[in-house]
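Here the sequence shown stands for residues 73 to 171, where the numbers follow our numbering.
Before any comments, here is the structure.
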Amino acid sequence: MGSAKPGEAKALLKKGARVIDVRTEAEFRAGHLKVAKNLPLGELKELIVREVPDKSTPILLHCASGARSGAGKRMLTEMGYQTVLNLGSFGRARSIVEE
């Protein structure tokens, strides 16, 4: 699965990368990153085209453990999104995004 390198993710954030939380709405409501948009994995394919229509926009995904965001990364890559990174778990994503 492989998680994104913190330096690479931070550089993409500075260039306008979108942070997407693929956890459930309930998980998101329980606590989330300020910059993250909640697009649950089960709805990702439908919602991403509205939320991030430009497939060249970098996307940084995360979930609770990194497994769902890994699946989301594969899904978005197959849809043609050019730069999709898996930040891994919520805690790891927070340490990278909100440092």
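Ideal Cβ positions, reconstructed from N, Cα and C, are used throughout, including at glycine.
By how many angstroms is the C-alpha of residue j removed from the C-alpha of residue i?
i    : j    : result
V124 : R90  : 8 angstroms
G114 : V94  : 8 angstroms
M73  : I131 : Unreliable placement is indicated for M73, whose pLDDT of 42 sits below 50; no coordinate value is reported for it.
A102 : S128 : 31 angstroms
F162 : H104 : 8 angstroms
V107 : L85  : 10 angstroms
With DSSP as the reference, please indicate the residues paired to residue i in a beta bridge.
i    : result
R90  : I131
L157 : L132
K109 : I92
Around the Cβ of residue i, are there at least 16 other Cβ atoms within 10 angstroms (buried) or fewer (exposed)?
i    : result
G138 : buried
S75  : buried
Let me check understanding here. Comparing Cα to Cα, which of the options lies closest to residue i?
i    : options               : result
M151 : A98, G163, C135, I120 : I120
K117 : K106, R101, R146, P78 : R146
E141 : L157, I168, G163      : The sequence given here has Ser at residue 141, not Glu. The residue with the shortest Cα to Cα distance from S141 is L157.
R180 : L111, L132, P130      : No answer is possible for residue 180: the residues shown for the chain start at 73 and end at 171.
Q154 : A81, I92, D126, V107  : D126
C135 : K87, K109, G88, T149  : K109
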